[in-house]
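S.K.: Protein chains in written order, with the numbering used here: chain D, 1427 to 1531; chain E, 1296 to 1446; chain P, -7 to 155.
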Amino acid sequence: MTHKNVHTVYAFALSASVTVLFIAVLTIWADLYAPLKDWLKTMFTHHWIGKSVLSAALFLILGGMIGLMVSKPDENKIATALWILVGASIVSTLAIWIFYLIEAL
Amino acid sequence: MNTLTALNLVLHIVFGLLGVMAIYSALVVLMKERPSVGFLRFLSVSGLLFMLLAWITGGYYYTTYYGSAVKPIIKAGQFSWAHTLIMEAKEHTFLLLPFLVAVLMLGVLLVNSSLLNDPRVRRPLAALAGVAFTIGAIIALAGVVISGAVR
Amino acid sequence: MALLIKFAHIIGTALGVGGATLGEIFYLKSERDGKVDPHENEALRTIFYMLRVGMVILILSGFGYLILLRLEGHTAPLLGARVWAKLTIILILLFGVVAWHARKVPMWIGSAVSLASWYAALVIGAWRGLNSSYLTIMLYYLGAIVVFAIILQIIRWSLKVKA
């Protein structure tokens, strides 16, 4: 039996997976496409603040939306969502480091 | 560097270290067959709190001081890669951590004790803590490199 | 502040080295009859708790040193062999604990790594004039792990440890 609030864990695990991948995509894209970086600077005074704010907003909004849409997930679905987040984090971290390694070479 | 900037740098490092240590401790606790739930909840909440404080203090230091005062020194020196690779990767990789630790905290707080003892849930939570710790450790080491390159 | 950090670092190292050493001694004694009884378990838990406290103090004070160097503008040691050898060894220790908990590492390797790591941290920290490269220090560290493993095995044989 699962606790009634576990759908929140499930929802935010999925949301975090999307968010960490979004961070990697936004980071790489902003470095390769100057207008995007300039837009972030203009809107948020600094590109890094912009990335922070957009990531946090995506995490909270998407997590809330998924939480409202899903029914009570079982243990296996929660575990799967967490494993997806683990995988997404590793992919995102590697993408960011490899991108900057290539840029630095 | 004025006092406020220096204070933010110091607090960023201290909060970051405390956050990483809390996550590491949560990882070790999650690896036990019967984790201490109360302690785990304390660690996960502390971990998130410290990460958020490290985010704010580091962000202040980075956006108000690093770009104008530190980056030019590093880029002009013999360790320019400390900015172009290490700092760039560090500042963006860090952004993942608050979300990973937030989910860890939600998992520990909202899942009941019997589910926390279930390996199907405990193992991915431990893996999540492990990934968060590894990223945090890499970020801490990157900070040492960046500071070392300021000459 | 520098003096406070130094004291804290020494205390952290002492707790860690002492904890690792005493922990190993108590563990070997308790394993002689093939099992750890409740009193022995309680003693071990206390020792390992102090070891963890030592580790926390060590890490915070160690980074305290690095922060001071950064704020004073003496940043060369931050990229030096001694600092990076200590950082590497602490990381090996931390990951080793995780690996041991995950049952990927047998006790005899875990003990050797733990003891070698703590004593290496002590030696590297105390040896002010140490001028070796990172690779040299790490090779000596790996050698120390092997030496500790052999010594501990000899002690186990001589005590006829049943485990």
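Heads up, the beta-carbon is just placed ideally off N, CA and C, and yes, glycines get one too.
What you are looking at is a predicted structure, and each value in this text was computed from that prediction instead of being measured.
Please go through the same chain and pick out, in chain order, the residues whose beta-carbon is closer than 7 Å to the beta-carbon of His1307 (chain E), but skip the five residues on each side of it.
M.R.: Ala1349, Thr1352, Gly1353 and Tyr1356.
S.K.: Which residues of chain P have a Cβ atom closer than 7 Å to the Cβ of Ile1308 (chain E), listed in chain order?
M.R.: In chain order: Phe55 and Ile59.
S.K.: Compile a chain-ordered list of the residues in the segment 1505 to 1520 of chain D whose CB is closer than 7 Å to at least one CB of chain E.
M.R.: So the close ones are Ala1505, Leu1508, Trp1509, Leu1511, Val1512, Ser1515, Ile1516, Ser1518 and Thr1519.
S.K.: Could you list which residues in chain P have their beta carbon closer than 9 Å to that of Leu1312 (chain E), in chain order?
M.R.: The answer, in chain order, is Ile51, Leu52 and Phe55.
S.K.: Restricting to Cα atoms, I'd like to know which of P:Val105, P:Ile82, P:Thr67 and P:Leu63 is closest to Thr5 (chain P).
M.R.: Here the closest residue by C-alpha is P:Ile82.
S.K.: Can you tell me where the alpha helix (DSSP H) holding Ile1381 (chain E) begins and where it ends?
M.R.: Where Ile1381 (chain E) is concerned, there is no enclosing alpha helix (DSSP H), given that its DSSP letter is neither H nor E.
S.K.: Please identify the residue among D:Ala1442, D:Asp1464, D:Tyr1436 and D:Val1432 whose C-alpha is closest to the C-alpha of Ser1518 (chain D).
M.R.: It is D:Ala1442.
S.K.: Chain D beta carbons: is any one of them nearer than 8 Å to that of Val1365 (chain E)?
M.R.: So, not an interface residue.
S.K.: Give every residue of the same chain whose Cβ lies closer than 6 Å to the Cβ of Tyr1360 (chain E), excluding the five residues on either side of it in the sequence, and list them in chain order.
M.R.: So the list reads Thr1300, once near-sequence residues are dropped.
S.K.: Classify Lys1370 (chain E) as helix, strand or coil using the three-state DSSP reduction.
M.R.: It is helical.
S.K.: Does the beta carbon of Trp1455 (chain D) sit closer than 8 Å to a beta carbon anywhere in chain E?
M.R.: It does not; no Cβ of chain E falls within 8 Å.
S.K.: Nearest to Tyr126 (chain P) by CA position, among P:Val89, P:Thr80, P:Val97 and P:Glu32, is which residue?
M.R.: Residue P:Thr80 is the option with its Cα nearest to Tyr126 (chain P).
S.K.: Is the Cβ-Cβ distance between Val1333 (chain E) and Arg1446 (chain E) less than 8 Å?
M.R.: It should be noted that the sequence gives Gly, not Val, for residue 1333 (chain E). No, Cβ-Cβ distance for Gly1333 (chain E) and Arg1446 (chain E) is not below 8 Å.
S.K.: Can you find a C-beta in chain E that's less than 8 Å from the C-beta of Thr1434 (chain D)?
M.R.: With 8 Å as the cut-off, Thr1434 (chain D) counts as an interface residue toward chain E.
S.K.: Output the distance between the C-alpha atoms of Leu1447 (chain E) and Ala1439 (chain D), rounded to the nearest integer angstrom.
M.R.: The displayed coordinates of chain E run from 1296 to 1446. Any statement about residue 1447 (chain E) would go beyond what the structure contains.
S.K.: For the alpha helix (DSSP H) that Ala1444 (chain E) lies in, which residues bound it at each end?
M.R.: Neither: Ala1444 (chain E) is in no alpha helix (DSSP H) and is coded neither H nor E.
S.K.: For Met1346 (chain E) and Ile101 (chain P), I'd like the C-alpha separation in whole angstroms.
M.R.: Between Met1346 (chain E) and Ile101 (chain P), the C-alpha separation is close to 34 Å.
S.K.: At a Cβ threshold of 8 Å, is His1 (chain P) touching chain E?
M.R.: So, not an interface residue.
S.K.: Secondary structure at Met1400 (chain E), three-state DSSP: helix, strand or coil?
M.R.: It is helical.
S.K.: Can you name, in chain order, every residue of its own chain whose Cβ lies under 8 Å from the Cβ of Ala1456 (chain D), other than the five neighbours on each side?
M.R.: Once the five neighbours on either side are set aside, the close Cβ partners of Ala1456 (chain D) are Leu1462, Lys1463, Leu1466, His1473 and Lys1477.
S.K.: Relative to the alpha-carbon of Gly46 (chain P), which residue among P:Leu114, P:Asp29, P:Trp76 and P:Asp25 has its alpha-carbon at the smallest distance?
M.R.: Comparing Cα-Cα distances from Gly46 (chain P) to each of P:Leu114, P:Asp29, P:Trp76 and P:Asp25, the minimum goes to P:Leu114.
S.K.: Per DSSP, what kind of secondary structure is Tyr1355 (chain E) in: helix, strand or coil?
M.R.: Correct three-state label for Tyr1355 (chain E): helix.
S.K.: Output, in chain order, the set of chain P residues within a Cβ distance shorter than 8 Å of Met1326 (chain E).
M.R.: Chain P residues near Met1326 (chain E): Val90, His93 and Ala94.
S.K.: Against chain E, with Cβ distances strictly below 8 Å, would Lys1477 (chain D) count as a contact?
M.R.: Chain E, which has a Cβ nearer than 8 Å to the Cβ of Lys1477 (chain D), makes this yes.
S.K.: Thinking C-beta only, is Ala1384 (chain E) closer than 8 Å to Trp1523 (chain D)?
M.R.: Yes.
S.K.: Distance check for Trp149 (chain P) and Ile1434 (chain E), CA to CA, integer angstroms please.
M.R.: So the two alpha carbons sit approximately 43 Å from each other.
S.K.: Could you give the distance in angstroms between the alpha-carbon of Leu1527 (chain D) and the alpha-carbon of Leu1380 (chain E)?
M.R.: Rounded to whole angstroms, Leu1527 (chain D) to Leu1380 (chain E) spans 6 Å at the Cα level.
S.K.: Along the segment 1421 to 1439 of chain E, where does the CB come closer than 7 Å to a CB of chain D? Name the residues.
M.R.: Here the close residues are Ala1422, Leu1423, Val1426 and Ile1430.
S.K.: Looking at chain P, which residues of the segment 1388 to 1410 of chain E have a Cβ within less than 9 Å of any of its Cβ atoms?
M.R.: From the segment 1388 to 1410 of chain E, no residue has a Cβ closer than 9 Å to chain P.
S.K.: Of all the options E:Ile1318, E:Arg1329 and E:Gly1431, which has the alpha carbon lying nearest to the alpha carbon of Val1340 (chain E)?
M.R.: With distances taken between Cα atoms, Val1340 (chain E) lies closest to E:Ile1318.
S.K.: If we count the other Cβ atoms within 10 Å of its Cβ and call it buried at 16 or more, is Ile143 (chain P) buried or exposed?
M.R.: Looking at its Cβ environment, which holds fewer than 16 other Cβ atoms inside 10 Å, Ile143 (chain P) is exposed.
S.K.: CA-CA distance, Asp1500 (chain D) and Tyr111 (chain P)?
M.R.: Spanning the two alpha carbons is a distance of roughly 48 Å.
S.K.: Between which two residues does the alpha helix (DSSP H) holding His31 (chain P) run?
M.R.: Per DSSP, His31 (chain P) belongs to the alpha helix (DSSP H) from Pro30 to Glu64.
S.K.: Got a sec, what are the start and stop residues for the alpha helix (DSSP H) Tyr1360 (chain E) sits in?
M.R.: Segment: none, Tyr1360 (chain E) is in no alpha helix (DSSP H) and carries neither H nor E.
S.K.: Going by beta-carbon coordinates alone, are Ile1430 (chain E) and Met1382 (chain E) separated by less than 8 Å?
M.R.: No, Cβ-Cβ distance for Ile1430 (chain E) and Met1382 (chain E) is not below 8 Å.
S.K.: Excluding five sequence neighbours on each side, which residues of the same chain lie with their C-beta closer than 8 Å to the C-beta of Ala104 (chain P)?
M.R.: The answer, listed in chain order, is Ile137, Val138, Phe140, Ala141 and Leu144.
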